[in-house]
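Notes follow the structure.
6 protein chains.
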Amino acid sequence: MSSPHISELTWPVYDAKVKDGKTIVMIPVGALEQHGHHMSLNTDVLLPTAIAERVAKRIDALVAPPIAYGYKSQQKCGGGNHMPGTTSLDGHTLTCTIRDILKELARHGVRRTVLVNGHYENSMFIVEGVDLAQRELRWEGIHDFATVVLSYWDFVTPEAIEKIYQDEFPGWAVEHGGVLETSLMLHLHPNLVDIDQVVDHPPATFPPYDFFPVKPEWTPASGCLSSAKKASAAHGELLLKVCVDGISDALAKAFES
Amino acid sequence: MSSPHISELTWPVYDAKVKDGKTIVMIPVGALEQHGHHMSLNTDVLLPTAIAERVAKRIDALVAPPIAYGYKSQQKCGGGNHMPGTTSLDGHTLTCTIRDILKELARHGVRRTVLVNGHYENSMFIVEGVDLAQRELRWEGIHDFATVVLSYWDFVTPEAIEKIYQDEFPGWAVEHGGVLETSLMLHLHPNLVDIDQVVDHPPATFPPYDFFPVKPEWTPASGCLSSAKKASAAHGELLLKVCVDGISDALAKAFES
Amino acid sequence: MSSPHISELTWPVYDAKVKDGKTIVMIPVGALEQHGHHMSLNTDVLLPTAIAERVAKRIDALVAPPIAYGYKSQQKCGGGNHMPGTTSLDGHTLTCTIRDILKELARHGVRRTVLVNGHYENSMFIVEGVDLAQRELRWEGIHDFATVVLSYWDFVTPEAIEKIYQDEFPGWAVEHGGVLETSLMLHLHPNLVDIDQVVDHPPATFPPYDFFPVKPEWTPASGCLSSAKKASAAHGELLLKVCVDGISDALAKAFES
Amino acid sequence: MSSPHISELTWPVYDAKVKDGKTIVMIPVGALEQHGHHMSLNTDVLLPTAIAERVAKRIDALVAPPIAYGYKSQQKCGGGNHMPGTTSLDGHTLTCTIRDILKELARHGVRRTVLVNGHYENSMFIVEGVDLAQRELRWEGIHDFATVVLSYWDFVTPEAIEKIYQDEFPGWAVEHGGVLETSLMLHLHPNLVDIDQVVDHPPATFPPYDFFPVKPEWTPASGCLSSAKKASAAHGELLLKVCVDGISDALAKAFES
Amino acid sequence: MSSPHISELTWPVYDAKVKDGKTIVMIPVGALEQHGHHMSLNTDVLLPTAIAERVAKRIDALVAPPIAYGYKSQQKCGGGNHMPGTTSLDGHTLTCTIRDILKELARHGVRRTVLVNGHYENSMFIVEGVDLAQRELRWEGIHDFATVVLSYWDFVTPEAIEKIYQDEFPGWAVEHGGVLETSLMLHLHPNLVDIDQVVDHPPATFPPYDFFPVKPEWTPASGCLSSAKKASAAHGELLLKVCVDGISDALAKAFES
Amino acid sequence: MSSPHISELTWPVYDAKVKDGKTIVMIPVGALEQHGHHMSLNTDVLLPTAIAERVAKRIDALVAPPIAYGYKSQQKCGGGNHMPGTTSLDGHTLTCTIRDILKELARHGVRRTVLVNGHYENSMFIVEGVDLAQRELRWEGIHDFATVVLSYWDFVTPEAIEKIYQDEFPGWAVEHGGVLETSLMLHLHPNLVDIDQVVDHPPATFPPYDFFPVKPEWTPASGCLSSAKKASAAHGELLLKVCVDGISDALAKAFES
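Residue numbers (UniProt numbering), protein chains in the order written: chain A, 1 to 257; chain B, 1 to 257; chain C, 1 to 257; chain D, 1 to 257; chain E, 1 to 257; chain F, 1 to 257.
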């Protein structure tokens with residue numbers, strides 16, 4: 001058995017791979033979140049997992065099982081946590097999950113870890129989980145445990161943006177269920193996209209503040225914040241390539257000794 | 001898109017399916033845990049997920065994304081949490097995860113839920129998560145939210161045990177990495193089992209107490225607590241059948257109005 | 001003042017006894033839980049305390065004050081937490097209690113500890129408390145703090161079961177308020193048993209899953225899960241003897257250097 | 001079986017007694033704490049329990065099992081938590097214990113509860129536990145659940161103080177292991193006091209602040225903060241009487257409708 | 001006594017003002033965080049407080065005492081939490097603080113609340129605090145409690161940015177200790193800025209990921225992420241005006257009935 | 001910039017001041033709590049802050065930003081937490097706040113800290129926060145971090161009490177909104193006191209127990225527990241002087257090496 005996925009290894013194989021601390025372990029962090037009428041609820045899990053898998057193959061790293069439930073969807077970047085299907089954790093639950101997993105990896109000997117985030121709202125709770133884990137690892141006497149936290153879309157290059165969106169890039173915030181995610185899904189999991197169901201509407205606009213409880217009327221009826229009309233598998237292939245390239249290079253650099 | 005997996009649905013499809021509260025939602029709860037030299041670390045996730053998927057198809061239920069990390073492996077039923085690869089959560093983290101997910105399902109309208117456990121050590125932390133969720137749901141004014149908690153091996157019939165083990169059934173406690181799990185994996189995921197790597201040894205025996213920190217010498221070197229030598233895909237097929245049959249019947253009965 | 005009970009010692013006597021770390025300290029963990037029409041609510045506290053006291057005298061150990069409130073009663077082994085009188089803690093509360101007490105014992109110099117459980121539902125929350133305590137003790141630089149976790153009924157020998165139940169042993173799960181507990185109480189605390197109030201009924205049977213909220217009709221009206229009709233003080237004396245013998249021997253072995 | 005102690009009742013007897021909500025339930029809250037060379041570690045549990053028992057008999061109330069471990073001993077009123085034998089809980093653990101027990105009593109129908117404190121340091125964590133319980137009970141729709149929080153020494157009358165101490169009353173703060181507690185123990189549990197071991201020294205004096213970590217030299221070597229030299233069983237009898245009288249009267253008044 | 005600051009009112013004045021639920025209450029949320037060699041550690045508290053105060057006067061709202069300690073400084077937007085002076089809370093502590101305060105305001109009758117954030121890293125922990133508060137308030141039966149969460153810099157208009165930065169706006173992320181904050185402080189609290197101590201350097205650039213533990217060399221030695229060289233009190237006056245205008249208008253709109 | 005207030009320093013100035021661990025850092029801990037018809041809600045913050053500032057100047061210490069929200073007001077010493085304006089934290093929230101801040105100060109190099117309490121109800125939650133911080137600091141390898149916990153009124157001398165109250169000192173417990181606090185405010189912040197609004201009534205008297213939920217009729221309608229009629233700025237000046245003198249002397253002694 002050989003696989004970039006830890007879950008598919010036996011323990012002796014895993015052990016041999018990680019015990020000297022050099023192998024990078026990547027943990028995709030996603031969400032179960034509505035992504036419009038045209039795309040499945042697991043989009044935010046599948047995308048960082050696919051990217052992590054490809055990066056892992058390239059740099060001989062490993063991928064831990066993805067975290068399938070994320071922090072509460074926010075209206076201005078995910079449509080809001082009032083939507084059907086969106087199934088979220090309290091912030092502290094997510095933070096503790098990250099903390100616990102990192103500490104266990106450290107027990108195995110792992111010293112280089114990467115959180116590959118696929119759901120914007122997770123970011124700060126991941127950061128806190130990393131901080132709590134590293135704090136407790138110091139208490140265990142482990143001082144060389146390092147963690148990269150990244151969101152894959154931050155590796156999309158300006159050239160790729162220009163190519164895909166021309167001058168109409170609406171910003172990542174409203175890319176929820178839009179061209180980026182849909183293109184990647186069309187390339188990676190076309191069976192989970194029904195492009196005919198895309199609702200075409202201009203990018204959602206919001207006031208410069210959040211309101212709680214959400215005003216449902218702020219979210220387009222589709223649940224998406226911008227239209228995926230221009231999504232294509234070809235765009236997805238390009239996006240995947242730039243993310244995998246960018247992250248692979250970044251990790252090589254981040255963990256170089 | 002049609003699938004028993006919530007993760008593969010769009011939100012309008014999911015919403016239509018669950019909003020009247022009648023559809024059962026099943027949540028597999030597993031672990032990332034060593035299962036010997038011959039089987040992958042995700043065994044405790046794949047098995048309850050496979051069973052839940054088949055039950056869901058039979059009774060028109062849905063399966064939520066499995067919980068991929070479980071409670072700490074105990075030496076007398078899982079080899080112990082000192083083993084490489086085993087990657088576990090604190091009890092409270094698991095409990096809060098269960099609590100949060102159940103509450104979100106309730107928000108969607110779901111009223112009938114099933115935790116399908118694949119890792120013995122999870123049991124009580126699942127129970128506590130259910131209790132906390134139902135308590136908070138009462139506070140939300142929701143009083144008809146019901147949950148079944150089950151471990152799939154409890155549905156293996158005496159006849160199946162007799163057929164598979166003849167007189168040598170060692171008890172579920174030491175079935176960790178043994179005939180039950182290996183046979184199911186051989187039937188369901190043969191690529192994740194290397195039967196040649198099975199280490200043949202008599203079932204582990206333990207004193208009638210637990211000791212912490214673990215005495216590593218109590219655990220067989222393989223990490224398994226009994227031998228999978230007699231495992232076979234045919235046994236796996238039978239085990240799957242009795243579990244799927246038994247759970248399907250049980251749920252029909254549990255939730256009948 | 002000399003006593004196996006820490007609570008009845010002065011601090012200098014206690015200090016002299018424990019500061020070199022050799023003396024075993026046993027902590028009974030019980031519950032305030034209904035035990036039928038015929039037996040008092042403190043059964044799960046009194047029994048492990050009585051056993052611990054006798055073991056302590058035999059092996060020159062000490063007994064800490066019992067934990068009088070336990071985890072929520074489960075329907076299939078305790079009748080359910082909906083019953084009057086049953087007064088339970090959240091799992092995390094019990095876990096933190098165990099954690100805190102163990103850490104304080106460690107501060108006193110104690111290095112050998114035993115949780116003597118008298119209420120099945122406590123088990124995993126005790127285990128988690130032990131794990132959290134040992135983790136924090138490592139952070140304090142204490143690496144030789146050991147803990148045995150046991151439930152006293154696991155020390156009842158097959159011979160004793162045969163003698164008491166002949167061929168009718170229903171299994172520990174439904175022994176709640178049954179022959180085991182009632183016999184021990186008749187021997188140890190006859191004033192807290194009114195044998196005339198025993199409701200005779202066959203052992204409760206349950207489906208192979210748990211249901212929440214409980215279905216009250218699953219629990220026999222008595223609150224007991226099997227009949228204590230055949231209980232006797234003589235049986236209790238035997239049960240006490242085998243438990244005290246078994247635990248004394250086990251601890252000697254567990255902590256031998 | 002008839003007893004003021006809930007622990008000694010069967011559930012039907014308890015249920016009949018509490019379900020209409022009129023019966024007062026008292027919970028003694030103590031500590032396992034050093035009380036000098038002359039007195040046992042359970043002093044703070046035994047005293048409020050004895051008082052609660054007598055009050056319960058007088059006003060037909062019930063006594064729940066005492067909480068045997070309390071909050072960390074403070075140097076200026078308990079000698080400090082660095083002392084051997086003193087075995088304390090984190091504040092939040094104690095708070096959650098109080099919260100959980102009160103909520104369970106409420107589930108049984110109890111509406112009038114009393115925390116009878118025997119360890120000064122517990123006070124605010126009890127108060128917080130009561131507040132959290134009443135908050136959650138409101139969420140359950142229970143609005144008539146009332147709780148008295150008291151420390152028994154606050155019911156010692158000026159006349160009794162004058163009689164026992166003449167002009168030498170040092171204040172309750174330094175009464176730790178002093179005349180009050182020792183006299184009560186001599187009257188109630190003479191076997192747990194060795195009056196010959198009393199170390200006679202003037203009341204401890206402290207600066208008007210606390211210092212952490214404690215300066216051990218601030219605490220008299222005995223662990224007591226004042227001398228029990230003048231303690232006597234006769235004083236104890238008087239103290240018991242005024243406390244039982246005072247608390248009985250106070251509760252009648254507090255809960256009068 | 002009349003003041004926009006709740007802290008400076010007596011309770012009857014406050015009560016009269018808030019009990020009908022119409023008055024907006026604003027809570028500034030800041031941090032104690034290094035802001036370079038030239039500016040005081042309280043910058044993130046003083047700025048949202050000053051803005052809130054002015055908005056309150058304009059729309060007849062109130063300002064609650066600012067939260068003076070915030071979430072851990074992140075390297076790419078605050079220099080990192082390894083810097084001297086930066087004094088931060090765990091995420092859960094901040095979340096609970098927000099939760100508790102909002103619930104108390106609700107008890108007073110307040111129904112319209114605004115979190116005015118001055119420290120980027122606080123954002124998601126504020127959001128979670130709001131969510132937890134609103135959840136518990138629902139359990140209390142309060143369903144009309146609304147909260148706006150905003151960061152004041154999101155109200156700086158493109159015109160103001162153009163005027164102040166011409167074409168050199170580096171983005172808010174690296175504005176830490178830069179022109180925005182320094183100009184506002186020069187206008188509002190000139191005594192807390194020593195413009196001569198500004199270290200002039202180009203805006204910090206970072207890779208598209210975070211690294212933990214921080215690589216201190218990523219943060220400019222000054223602790224600032226961009227130069228405040230072009231800051232001026234005049235700019236500050238303009239920035240203050242657009243923020244106060246923008247927030248005042250936004251709140252009027254957000255809470256219009 | 002030079003100031004006793006950390007908040008008003010730049011980080012290099014602060015760093016130079018604290019990194020050798022000798023400088024004392026004082027943290028005022030207050031509350032937002034009603035103080036009658038005549039005095040502002042921030043009384044419990046302003047008074048310890050003013051005192052800390054003066055002590056800091058005298059002994060060359062520093063003052064951290066005050067904690068502006070405290071633990072729930074208790075009826076017998078603060079009027080009760082049901083009053084309008086009183087805005088309180090859960091005990092655990094306050095404890096965690098104290099813990100987090102102390103740990104951050106330790107990271108900066110600070111080793112001598114003082115919690116200057118201005119709200120009686122905070123005391124035990126401060127103590128717990130200190131204990132948790134020092135525990136975690138030990139785990140970080142820091143063993144010389146010391147903390148004084150004090151309440152400023154404990155430094156009022158008998159002479160000052162005699163001078164101000166003659167024979168009518170009602171005890172600190174009912175001094176809430178009374179002569180002590182009002183006099184200090186008249187001296188320090190006369191604009192926040194409207195002496196004409198003082199309601200003159202005898203000191204409140206209470207039974208020797210607490211009752212929850214509060215009986216509102218126990219609290220005088222003013223919210224104060226004793227009359228501030230005899231308050232004066234001159235008294236305030238004297239009180240301030242004895243507190244500043246007493247605390248300055250005490251700290252010099254507490255931290256002398």
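For each residue, glycine too, the CB sits at the ideal point set by N, CA and C.
Interface flag, residue i vs chain E, CB-CB below 8 Å
i	result
E168/B	no
Cβ-based burial, residue i [other Cβ within 10 Å; buried from 16]
i	result
S2/C	exposed
H143/D	exposed
N117/C	buried
T43/C	buried
A252/F	exposed
P190/B	exposed
D167/D	exposed
G85/E	buried
Interface flag, residue i vs chain C, CB-CB below 8 Å
i	result
D20/D	no
D196/D	no
Amino acids of chain A, ordered along the chain, whose beta-carbon sits closer than 9 Å to that of residue i
i	result
T219/E	In chain order: nothing, as chain A lies at least about 16 Å away.
Closer than 8 Å to chain A by CB, residue i
i	result
M185/B	no
P65/B	yes
Closer than 8 Å at the beta carbon, the chain F residues around residue i
i	result
G90/E	The sequence as given places Asp at residue 90/E; Gly does not occur at that position. Ordered by position in chain F, the residues that pass the 8 Å Cβ test against D90/E are C96, D100.
F154/D	One detail in the question is off: residue 154/D reads as Asp in this sequence, not Phe. Those within 8 Å of D154/D in chain F are P208, Y209.
Amino acids of chain I, ordered along the chain, whose beta-carbon sits closer than 8 Å to that of residue i
i	result
A254/A	The structure shown contains no chain I; its protein chains are A, B, C, D, E and F.
Beta carbon proximity, residue i to chain D, threshold 8 Å
i	result
V149/F	yes
G223/C	yes
Neighbour flag for residue i against chain F, beta carbons, 8 Å
i	result
E181/E	no
Interface flag, residue i vs chain B, CB-CB below 8 Å
i	result
A204/C	no
H37/A	yes
Residues that residue i contacts on chain C, provided the C-beta gap is smaller than 8 Å
i	result
A250/B	P207, P208, Y209
Proximity test, residue i beta-carbon vs the ligand ZN heavy atom, cut-off 7 Å
i	result
R112/D	Looking for the ligand ZN in the displayed structure turns up nothing, as the structure carries no ligands at all.
query = Of the residues that make up the region 132-146 of chain D, which ones have a beta carbon closer than 7 Å to any beta carbon in chain B?
reply = W139, E140
key: Residues of the region 69-85 of chain A whose Cβ lies closer than 7 Å to any Cβ of chain B, in chain order   = Y69, M83, P84, G85
query = What runs of the beta strand (DSSP E), each 3 residues or longer, lie entirely inside the region 13-96 of chain B?
reply = 24-29
Interface positions of the region 107-133 of chain A facing chain B (Cβ-Cβ less than 7 Å), listed along the chain = H108
ask   = For the region 40-61 of chain B, which residues have a beta carbon sitting closer than 7 Å to at least one beta carbon of chain C?
value = none
inquiry  = Please give the ranges of any alpha helix (DSSP H) in the region 103-190 of chain D, keeping only runs that are unbroken, at least 4 residues long and fully inside the region.
reply    = 123-139, 158-165, 179-188
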